[in-house]
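Here the structure comes first, spelled out in structure tokens, and everything after it is commentary.
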Amino acid sequence: MKEVGIGLLGFGTIGTGVVKLLTKNASLIEEKVGASLRLRKIADLDIETDRGVEVPPGILTRNADEVLNDPKISVVIELIGGYKTAKDFILRAIENGKHIVTANKALLAVHGEEIYAAAARKRIEVRYEAAVGGGIPVLSAIKGNMAANNFGTVLGILNGTCNYILTRMTKEGADFAEVLKNAQELGYAEADPTFDIEGIDTAHKIAILVSLCFGTRVVFENIYTEGISSISAIDINFAKEFGFKIKLLAIGKLDGERVEARVHPTMIPLDYPMADVDGVFNAIRLTGDFVDTVMFYGRGAGMDPTASAIVGDVMAIARNLKAGIGRRIAPLGFLDNQLKNLPLKPMDEITSKYYLRFSALDKPGVLGKIAGALGSNNISIESMIQSSRMAGESVPIVIMTHSALEGDIRRALKEIDGFDFIKEKSKLIRIEDALL
Ligand code: HSE
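My numbering applies: residue 195 is where the sequence shown begins, and numbers increase by one.
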């Protein structure tokens with residue numbers, strides 16, 4: 195086998211990066227694989243725009259069928275994103291015996307099971323390293339060199355847009371809306387940033403990580419997902435006073451026969467390595483029973499890093515084709531018939547430490563009533579700050595708790611928010627210093 199035929203669906207930013215990498219490093223790739231990766235067709239609705247990369251003549255098409263039905267194409271790279279069309283194309287490619295490389299975390303988190311089942315029937319490889327952590331090779335490590343471990347936790351900063359916004363809020367003391375607007379002007383945040391800032395993109399990624407680490411199917415809709423749009427400068431400043439930074443953390447944890455999978459703003463101690471992951475960077479931290487703790491750090495998005503992961507996947511498939519072997523590793527690392535259906539632990543049953551901010555009128559007995567409501571709901575206070583009084587206004591009272599059950603915290607907050615001296619809905623941010 196002298197060459198492996200590649201078809202590309204989607205010629206946007208990441209597709210352009212893939213073409214650039216396949217061209218620039220063609221000889222290096224051939225030296226490592228022992229065959230050249232030949233781009234035979236690129237399908238996109240827009241075939242006019244100059245992307246600034248060299249494209250072999252005659253390979254651009256508006257018709258995806260030319261990729262899906264070309265017998266000389268062995269590997270299809272899906273980069274169109276979204277659910278329906280991408281899924282249809284992938285299923286058709288699998289049916290036609292083509293191996294799949296995709297960066298589509300949303301599709302895999304929601305419809306992964308159907309795609310993996312179709313791939314299993316046809317002995318097709320589905321690889322998706324770029325879907326989580328962009329250029330960071332964490333998925334291959336979980337399925338490969340760390341595969342002998344029982345994983346206990348997997349957590350990370352998985353969205354560059356959120357991390358960029360939180361980093362700037364922390365450094366500049368600025369409010370969320372102001373930084374988001376500026377990030378959009380600079381091209382760091384999408385015009386419609388909902389998927390990123392509301393934590394949905396992060397939830398897609400933790401769904402994939404949890405499945406890979408714990409060998410279980412995850413119902414995406416059941417993942418608790420809270421984004422960063424309600425984080426304000428005041429909480430970031432209080433976090434600093436207590437020695438914490440706020441990050442959007444995705445947390446996956448095996449707890450007996452149940453798993454935790456959740457996404458929410460989280461306070462982490464300033465002296466923890468995860469707190470130094472700033473700007474658009476991503477990091478993923480895993481614990482395994484033999485490897486102990488491993489942390490990955492790198493660029494979780496962007497044309498070049500994402501292309502690196504995609505082409506790495508194509509090379510892995512090409513090596514197998516060259517060696518005449520089928521897929522050696524199932525898409526989720528576990529054999530298809532070994533996947534479990536571990537239930538997600540309800541949020542009320544998780545334990546965490548909590549940052550609670552109350553906005554209360556400064557008058558006698560207020561603190562006693564708040565402390566009483568916490569105490570009667572089994573919540574123990576670790577420390578607190580009350581800011582100085584501003585005439586006639588409410589004051590922030592911040593309480594850090596010891597480990598507590600989330601159900602107890604919610605009950606206490608409901609009770610406290612019913613007091614007439616409370617002027618705004620109380621704020622809760624989880625603190626993580628145990629899993630890190
Ligand atoms: N939009 C994502 C981020 C990258 O900001 O990290 C793609 O998942």
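Don't be surprised by glycine CBs; every beta carbon is placed ideally from N, CA and C.
Under the Cβ criterion (8 angstroms, minimum of three pairs), the segment 509 to 518 does not count as touching the segment 427 to 439. When the Cα atoms are used, Lys214 and Ala341 turn out to be separated by approximately 32 angstroms.
Between Gly393 and Thr419 the beta-carbon gap is near 5 angstroms, inside 8 angstroms, which marks them as a contact.
Three or more beta-carbon pairs separated by less than 8 angstroms are not found between the segment 468 to 478 and the segment 285 to 301, which leaves the two stretches without contact. With distances taken between CA atoms, Met541 lies nearest to Ala455 out of Ala606, Ala325, Ile573 and Ala455. Scanning Ile336, Lys547 and Lys196 for the CA closest to the CA of Gly601 turns up Lys547. In this structure, the CA atom of Val227 is about 8 angstroms from the CA atom of Lys516. By the criterion of at least three beta-carbon pairs nearer than 8 angstroms, the segment 393 to 407 is not in contact with the segment 363 to 378. Here Leu231 is near Leu216, since their CB atoms are less than 8 angstroms apart. DSSP lists Leu442 as the bridge partner or partners of Pro459.
The beta carbon of Asp507 sits no closer than 7 angstroms to any heavy atom of ligand 1. In the three-state reduction of the DSSP assignment, Met195 falls in the coil class.
Per DSSP, the unbroken alpha helix (DSSP H) holding Glu600 starts and ends at Glu600 to Asp611. Residue state for Ile402 is assigned as helix, using DSSP reduced to three classes. Val320 and Phe436 have their C-alpha atoms spaced approximately 45 angstroms apart. Runs of beta strand (DSSP E) with 3 or more residues, each lying fully within the segment 322 to 384, are found at 345 to 351, listed in chain order. Taking all protein chains shown into account, Phe370 has 16 or more neighbouring C-beta atoms within 10 Å of its C-beta and is therefore buried. Taking the Cα of Lys434 as reference, the smallest distance to any Cα among Gly201, Ile504, Ile579 and Lys399 is reached at Ile579. Counting of Cβ neighbours within 10 angstroms places Tyr549 among the buried residues, the total reaching 16 or more. Taking a contact as a CB-CB distance under 8 angstroms, the pair Val457 and Ile422 does not count as one, their CB atoms being some 10 angstroms apart.
Taken through DSSP and simplified to helix, strand or coil, His305 comes out as helix. Relative to the non-hydrogen atoms of ligand 1, the Cβ of Thr347 never comes closer than 7 angstroms to any of them. Residue side-chain check: Lys608 keeps its Cβ at 7 angstroms or more from all non-hydrogen atoms of ligand 1.
Three or more Cβ pairs drawn from the segment 276 to 289 and the segment 254 to 267 lie within less than 8 angstroms of each other, which places the two stretches in contact. Residue pairing of Lys547 in beta bridges, as defined by DSSP: Ile625. The straight-line gap separating the alpha-carbon atoms of Thr500 and Glu543 is approximately 37 angstroms. Pairing Gly496 with Leu622, the inter-Cα distance amounts to about 33 angstroms.
With respect to Met461, Ile625 sits close: the two C-beta atoms are nearer than 8 angstroms. When DSSP states are grouped into helix, strand and coil, Arg521 belongs to the coil group.
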